[in-house]
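Residue numbers (the working numbering), protein chains in the order written: chain V, 7 to 261; chain L, 7 to 261.
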DNA sequence: CGACGCCTTGATCAACTTCAAATTTTGTGG
DNA sequence: CCACAAAATTTGAAGTTGATCAAGGCGTCG
């Protein structure tokens, strides 16, 4: 939030009831994430209550949702786009330690301060609300804590998968692993009807490097290599075609 | 559990009441972890119920508590010792993705299969019980889920710290980071009364290498280097003295 | 157009790995 | 307690991978 350029704060209006949506607040009624993520576990009344403290917004690439070591005072529900979580060392070295997609919730339930910065990788749509609002809800809805626990557990399993990647995989394997991971999280719409799988990489090369523990140059060279052996095709720098996803997975485990 | 040699299964006896310990089962009354970890949140009655399904045991180094991809059908509460969590690739490359100390609980609440193997790094004392027993308790004691959630969150923060280490730190920084981490988790008793901090490294060099994403040779060379610059002193291969912990932390962040 | 951001490519270099012993430590049986 | 074998650790020399340094190309936006 620190410097995120905002637009479209529909939630500033007083939420109204909508007879066609059985008491669901209007802000939520049209929301794609209404039935996913944490919102899916809430009753219309709870949704209404939460929406009173909610600000919907659009965040442009590179803008921050939260800063490392800052007080963890708000949460953001991702409605669309990709958020990168990163850690920075005193001398400027950086490592991306997580990627979050809709409908993930950015922010943790316990602990006073953020362990990492959260910033928009792509343009991101979010619903932001204060920590107190979520804490109140969690007390009311035990299911919610379970849902958040599941997300934390999923993130942990991912982080450990990446530890294996960072500790033991070659540059080629890392880039293939990354593309495979993005492929699995990409919107299947994008290649509906197309012969080969096609998707947009939500990160630029320097982000990919910071994610994979490599330099931009090495990442670039691995893209070139994967292109040369026919494992991928680059439509543009960001748009990739993968003729054989299984092949990509194989490369991600054995060079 | 798969091949852990066991001894001392006190829990096989029918738990009895002990008037000096207000209904706490005898197995638990003498347990050092009684008031820590998950047991700390349980009432004597719940403790009694849990202890009926519990087997206390000792596991020797290198023995497995759980295998990667195996059904996640039991949990182990660590009473003493260190457990390593590791992932293995098809070609034999290995990465340690977590270390657990008493009174951590090994095993996750959701998900059918283990994401990694868990094995004893040192000799380990555990209380093991079936998944069903914990699931039942969690439904009864909402606080318990919260406690487990906190542990998961702590493990996640740790895993991300290690991603930074694996992705961006030099060999020297990694070894210093590792020693600093172990120092913080070491039993303060060990150097009570001594002038300098002293502790036992719970892993052998090959484990350290698998944890740091290095080779044993490189780990060994870094130990030599840290010794030469006076950052550590090796009493034995496993026993380390750290004259200045802050110095070690500095090295862990800037070579 | 021209400047800037982003990406690619090439040449050189340093860090870490690999391969190969040597050395120390540990465990076992006499 | 010693002797011996096995395991773990250290050390050295050579080889690779990926980093660093240095241009150059491409696309976009004022």
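Just so it is clear, CB atoms sit at the ideal spot from N, CA and C, and this is done for glycine as well.
- Within chain L, not a single residue places a beta-carbon under 8 Å from that of residue 229 of chain V; the smallest gap is close to 19 Å.
- Residues of chain L with a Cβ closer than 7 Å to the Cβ of residue 163 of chain V are, in chain order, 121.
- The three-state reading of DSSP puts residue 86 of chain V in strand, counting E and B together.
- The beta carbon of residue 115 of chain L sits closer than 6 Å to the beta carbons of 154 from its chain, once the five residues preceding and following it are set aside; these are given in chain order.
- By the criterion of at least three beta-carbon pairs nearer than 8 Å, the stretch 208-224 of chain L is in contact with the stretch 178-188 of chain L.
- Boundaries of the alpha helix (DSSP H) around residue 256 of chain L: 251-260.
- With a contact defined as Cβ atoms closer than 8 Å, residue 175 of chain L and residue 166 of chain V miss out at about 18 Å.
- Chain L places a beta carbon closer than 8 Å to that of residue 114 of chain V, counting this residue as a contact.
- Between residue 127 of chain L and residue 54 of chain L, the gap from beta carbon to beta carbon reaches 8 Å or more.
- Rounded to the nearest whole angstrom, the CA to CA distance from residue 46 of chain V to residue 172 of chain V is 35 Å.
- Between the alpha carbons of residue 243 of chain V and residue 253 of chain V lies a distance of about 21 Å.
- Residue 92 of chain L is bridged by DSSP to L/102, L/123.
- Between residue 78 of chain L and residue 69 of chain L, the alpha-carbon positions lie close to 17 Å from each other.
- Under the 8 Å criterion on CB atoms, residue 172 of chain V is classed as interfacial with respect to chain L.
- For residue 34 of chain L, the enclosing alpha helix (DSSP H) begins and ends at 32-35.
- Taking residue 231 of chain V as the centre and dropping the five residues before and after it, the same chain places the C-beta of 178 closer than 7 Å to its C-beta, in chain order.
- Taking a beta-carbon distance threshold of 8 Å, residue 225 of chain L does not count as an interface residue toward chain V.
- Among the bridge pairs identified by DSSP, residue 133 of chain L is matched with L/62, L/83.
- Assigned with DSSP and collapsed to three states, residue 239 of chain V falls in strand.
- In this structure, the beta-carbon distance from residue 180 of chain L to residue 240 of chain L does not fall below 8 Å.
- Between residue 225 of chain V and residue 189 of chain V, the C-beta gap is not smaller than 8 Å, which leaves the two residues out of contact.
- Closer than 8 Å to the CB of residue 234 of chain V there is not a single CB belonging to chain L.
- Annotation: the continuous beta strand (DSSP E) that includes residue 206 of chain L extends over 203-206.
- From the beta-carbon of residue 59 of chain V, no residue of chain L is found nearer than 7 Å; the closest lies around 23 Å away.
- For the pair residue 29 of chain V and residue 136 of chain V, the Cα-to-Cα distance works out to about 23 Å.
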